[in-house]
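Enquirer: Top to bottom, those sequences are chains A and B.
All residue numbers for the first sequence refer to my numbering, where the first residue is 733 and numbers rise by one.
All residue numbers for the second sequence refer to my numbering, where the first residue is 733 and numbers rise by one.
Where a beta carbon is used, it is the ideal one built from N, C-alpha and C, also for glycine.
Every value quoted in this text rests on a predicted model; they were computed, and no experiment measured them.
First the structure, then my questions, so here it is.
Number of protein chains: 2
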Amino acid sequence: MNAVRIGLLGLGTVGGGTLELLARNGDEIARRAGRPIRVTHASVRDAGRPRGPQAANVQLLADPFELVHHPQIDIVAELIGGIEPARALVLAAINAGKHVVTANKALIAHHGNEIFEAARRAGVAVGFEAAVAGGIPIIKTLREGLAGNRIQGLAGIINGTSNYILTQMRDAGLDFATALADAQRLGYAEADPSFDIDGVDAAHKLSILAAIAFGMPLCFDQVHVEGIRGLSAMDVDYAGQLGYRLKLLGIARRTERGVQLRVHPTLLPQRHLLAQVDGVINAVLVDSDALGQSLYYGAGAGAGPTASAVVADLIDIARALTIDPEHRVPYLAFHHDRLQALPILPIDAVETAFYLRLTALDRPGVLADVTRILADQHISIEAILQKEPPPGESHVAVILLTHTVRERAVREAIARIEALPSIDGRVVSLRLDHLEH
Amino acid sequence: MNAVRIGLLGLGTVGGGTLELLARNGDEIARRAGRPIRVTHASVRDAGRPRGPQAANVQLLADPFELVHHPQIDIVAELIGGIEPARALVLAAINAGKHVVTANKALIAHHGNEIFEAARRAGVAVGFEAAVAGGIPIIKTLREGLAGNRIQGLAGIINGTSNYILTQMRDAGLDFATALADAQRLGYAEADPSFDIDGVDAAHKLSILAAIAFGMPLCFDQVHVEGIRGLSAMDVDYAGQLGYRLKLLGIARRTERGVQLRVHPTLLPQRHLLAQVDGVINAVLVDSDALGQSLYYGAGAGAGPTASAVVADLIDIARALTIDPEHRVPYLAFHHDRLQALPILPIDAVETAFYLRLTALDRPGVLADVTRILADQHISIEAILQKEPPPGESHVAVILLTHTVRERAVREAIARIEALPSIDGRVVSLRLDHLEH
């Protein structure tokens, strides 16, 4: 059969990795897809830059819009990232009748609804497996593998940079700034790390996973987002003493009152499988009614893992080139006219357990005041850890673990605790989850 | 769109679970598949037996051959298990132009090549996700999610019964017979547990995974199979003292000299993710060139998890009903005329590390004799654990961990060690793997 012809938008880390993977495993890929898959064109910013040997048979174009309209390309792979011009290029490719594969989570999270609608009208496929959790086929799993299940929720370590930093803070006892600098030196964090450490990247991915899991339109704007910036080494340490590890989790969960969508640092029991996921690795835990809990674990970033997902999408499209569009696997797992705009629960109404750290004057009665405030808010305490003050120090750290409670109650309790004259500064609060639902 | 009409062969645990799941999640399934999926017929051995409310709208047939030929059925789900009459029914359904879904690992492992060939001629789809690792979509992952990768190997806990028994032996300190009786009492092991505890069930599944991973025909007969029957509580304990856990693994691995295909109890480092997989849970670790190591974890058996996989296959077929057969995902991931009969390495030529336990007279020189024999076979020792003999006992247990070595060398060394006059009885040998490839 004729080769499927790919045009790559971008020949950077992911584009180069995709080109290399298609060349290296070309024979096995053709045996799987039933036909060769070949990169025929690529758009690059600097056509004069020297490229690897794989690029010798690829026609380089300086104008990406020329590529998306090129009559000899079947599938356009958008691997430049960012919103614009990626969005304009993807829409132009779709309108030119090309199938599209993208690794761009920001684009899908912000403009997926628009892109899928355009693709539906044009009758083309859009693959975005690489947008979430790198090479782990989590989108395929949710969309196809678990398609018989009602998915109740999922929780994932879906930002490798943050997970690397948290792992270093725990294992090497580093403070946040040092661990971040380490990650930057090793290429695990970018020069401007905001998207990763402030939870935005994880929120992009979570909004995609939630839409697919629950059959609702993408709603990135409604994700509650907190990152790990400025997380204290002290809290990582105390969490460990209490039997917990800190992970940046993306959590989506159905409740009777609405869908929870949140990204924040979370204390997890040390023995939980997700707590074992260290370094730049990603993992997603899915709760579904027929299967129960299942876990998907692997490399969440990098040239190879991302190319793995891009090429899987290319093979899917090549295998299904003759299918009529109405029968393709729907972009968001559910057919477009059967999506439901489920209500999203505001964070105030979410119920979790909490880790609270307060700095108190080391004198009698303080703990009585604090526990009285918690009792007033119907917050019950699971554990208290009080550290001896260092010699000559008049303040002591008190750590409290609460049982599950509605967030609003904790916020009100914290405000009252901070107003106590015996309490110094802010109360540090972190959510705690056993992920047993 | 019209409903897809399903005929169930069998309404036992899996058949009943499938019927129940399709009814319970009927609305979400129709939103995903683009059309309702309905069980219209089922064949049962005893049509007079009372059934649940879901069966009220299902026409029960006493003759399964009437079902597979029924003109008003689109997909036949074979959920009776065993080789015959399952094989004859599946072939009859295929020849009658029905798509087929099956949960039958023995059938696919033994007769998959024949069944796929018949299906190819008839232009119908055959789904068998439920045949391996219950509800974990591992077949889809290997066949589609990792389709861009060259898969180097995989290792899996793919028999829940054995894993439950091993977990109980370790956690509760039970001996094998007691743990097996427990598993039988709880319904985790059958009255005749041979297939599970002798590794046959795991070998069925491993042969299916290996064919899909490497693009070769099914070759169950060439899997090296050892089960956990009669495993000693002492060895579980010593393994723990040395930092290892015993798991029944199915391992498939490419080497330059051929493919390794083996099922046997294996010592794994305690901190390895697979070592954390306890009870009836299954997990598969995959090594592939672009993604690296990835892990898939979940319930490997039971009505719900198996029905999850059966229904996923039904939805896949419903989604792809209009695709032309040549473009379907190939049964064994690679197109039928592009499979390669790779050489399978005999177990003698496989290289692993070993755990050896010998019972020796407690006197000087014994260890010198043993280590001399090992040195003669170029077997280097990683660790030695010698237990004090109990009071009044003249024999002592000596445990040796070797570095990686070719199996034949270990077998020869063991024969020579057993011939030493200072050694009592047989040498217990278990393979040890760090799964770091």
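How many Å lie between T873/A and T873/B at the Cα?
Expert: Between T873/A and T873/B, the C-alpha separation is close to 8 Å.
Enquirer: Give me, in chain order, the residues of the same chain whose beta-carbon lies closer than 6 Å to that of P796/A; leave out the 5 immediate sequence neighbours on both sides.
Expert: The residues are L741, S775 and L821.
Enquirer: Quick one: what does DSSP say S1112/B is sitting in, helix, strand or coil?
Expert: Coil, per DSSP.
Enquirer: Mark D806/B as exposed unless 16 or more other C-beta atoms lie within 10 angstroms of its C-beta, in which case mark it buried.
Expert: With 16 or more Cβ atoms within 10 Å of its Cβ, D806/B is classed as buried.
Enquirer: Tell me the DSSP bridge mates of I889/A?
Expert: Partner(s): A1015/A.
Enquirer: DSSP beta-bridge partners for I807/B?
Expert: I807/B is bridged to I738/B and H831/B.
Enquirer: So what does DSSP say about R783/B, is it helix, strand or coil?
Expert: Note: R783/B maps to coil in three-state DSSP.
Enquirer: Quick one: Cα of G962/B to Cα of A909/B, how far?
Expert: The straight-line gap from Cα to Cα measures roughly 8 Å.
Enquirer: If contact is defined by three or more beta carbon pairs under 8 Å, each pair taking one atom from either stretch, is the stretch 941 to 953 of chain A in contact with the stretch 971 to 981 of chain A?
Expert: No, they do not touch.
Enquirer: For the stretch 846 to 863 of chain B against the stretch 820 to 834 of chain B, do three or more pairs of beta-carbon atoms, one drawn from each stretch, fall closer than 8 Å, so that the two count as touching?
Expert: Cβ pair count under 8 Å is three or more, so yes.
Enquirer: Starting from P1037/A and walking both ways along the alpha helix (DSSP H), at which residues does that stretch end?
Expert: That run of the alpha helix (DSSP H) goes A1035 to R1051.
Enquirer: Which residues in chain E sit within 7 Å of F952/B, going by Cβ to Cβ distance?
Expert: No chain E appears in the structure shown, which is made up of the protein chains A and B.
Enquirer: Please check if any C-beta of chain B sits within less than 8 Å of the C-beta of L1005/A.
Expert: Output row for L1005/A: interface = yes.
Enquirer: Does A879/A come within less than 8 Å of chain B when only Cβ atoms are used?
Expert: So yes, A879/A belongs to the interface.
Enquirer: Determine the contact status of L1117/B and L999/B, defining contact as a CB-CB distance below 8 Å.
Expert: Contact flag unset, no.
Enquirer: If you follow the beta strand (DSSP E) that H773/A is in, where does it begin and where does it stop?
Expert: Residues I769 to S775.
Enquirer: Answer with buried or exposed for H936/B, where buried requires no fewer than 16 other C-beta atoms within 10 angstroms of its C-beta.
Expert: So H936/B ends up on the buried side.
Enquirer: Could you list the residues in the stretch 915 to 948 of chain B with a C-beta less than 7 Å from some C-beta on chain A, going in chain order?
Expert: Hits within the stretch, in order: G947.
Enquirer: Who are the neighbours of L1182/A on chain B, taking C-beta pairs under 7 Å?
Expert: In the structure as shown, chain A starts at 733 and stops at 1169, and residue 1182/A therefore has no counterpart that could be examined.
Enquirer: Classify A1073/B as buried or exposed, calling it buried when 16 or more other Cβ atoms lie within 10 Å of its own Cβ.
Expert: Per the 10 Å Cβ criterion, exposed.
Enquirer: Along the chain, where does the beta strand (DSSP E) containing S1126/B start, and where does it finish?
Expert: Run containing S1126/B: none; DSSP gives neither H nor E here.
Enquirer: Which residue marks the beginning of the alpha helix (DSSP H) containing Q752/A, and which one marks its end?
Expert: It is Glu, not Gln, that sits at residue 752/A in the sequence shown. T745 to R756 is the extent of the alpha helix (DSSP H) around E752/A.
Enquirer: With DSSP as the reference, label T1103/B as helix, strand or coil.
Expert: Residue state, collapsed to three classes: helix.
Enquirer: Mind listing which residues of the stretch 860 to 875 of chain A have their C-beta closer than 7 Å to chain B's C-betas, in chain order?
Expert: Within the stretch 860 to 875 of chain A, the residues whose Cβ lies closer than 7 Å to some Cβ of chain B are G867, I868, P869, K872 and T873, listed in chain order.
Enquirer: How about E958/A and V1012/A: do their beta carbons lie closer than 8 Å?
Expert: No, the Cβ-Cβ distance between E958/A and V1012/A is not below 8 Å.
Enquirer: Checking contacts by CB at 8 Å: is D1048/A closer than that to chain B?
Expert: Judged by the 8 Å Cβ criterion, D1048/A is in contact with chain B.
Enquirer: Please list, in chain order, all residues of the same chain as H1068/B whose beta carbon is under 8 Å from its beta carbon, the five residues on each side excluded.
Expert: The residues are F848, E849, R852 and P1062.
Enquirer: What residue range does the beta strand (DSSP E) around V1160/B cover?
Expert: From DSSP, the beta strand (DSSP E) with V1160/B extends over I1155 to L1164.
Enquirer: So, A765/B versus P1037/A, is the Cβ gap smaller than 8 Å?
Expert: No; because the gap between Cβ atoms is not below 8 Å, this pair is not in contact.
Enquirer: Enumerated in chain order, which unbroken segments of the alpha helix (DSSP H) with a length of 4 residues or greater are wholly contained in the stretch 899 to 969 of chain A?
Expert: Fully enclosed alpha helix (DSSP H) runs of 4 or longer: 908 to 917, 926 to 929 and 932 to 946.
Enquirer: In whole angstroms, what separates the C-alpha of G1097/A from that of M901/A?
Expert: Their Cα atoms are separated by approximately 34 Å.
Enquirer: According to the neighbour-count rule (16 or more other Cβ atoms, all chains shown, within 10 Å of its Cβ), is L918/A buried or exposed?
Expert: Exposed, since its Cβ has fewer than 16 Cβ neighbours within 10 Å.
Enquirer: Residue range of the beta strand (DSSP E) that A857/A falls in?
Expert: Looking at the DSSP string, A857/A is not in any beta strand (DSSP E), and its letter there is neither H nor E.
Enquirer: Which residues of chain A have a Cβ atom closer than 9 Å to the Cβ of S1161/B, listed in chain order?
Expert: Residues of chain A passing the Cβ test: none, with the nearest at roughly 30 Å.
Enquirer: Check whether chain B comes within 8 Å of A1168/A, counting only Cβ atoms and requiring the distance to be less than that.
Expert: Rather than Ala, the amino acid found at residue 1168/A in this sequence is Glu. Judged by the 8 Å Cβ criterion, E1168/A is not in contact with chain B.
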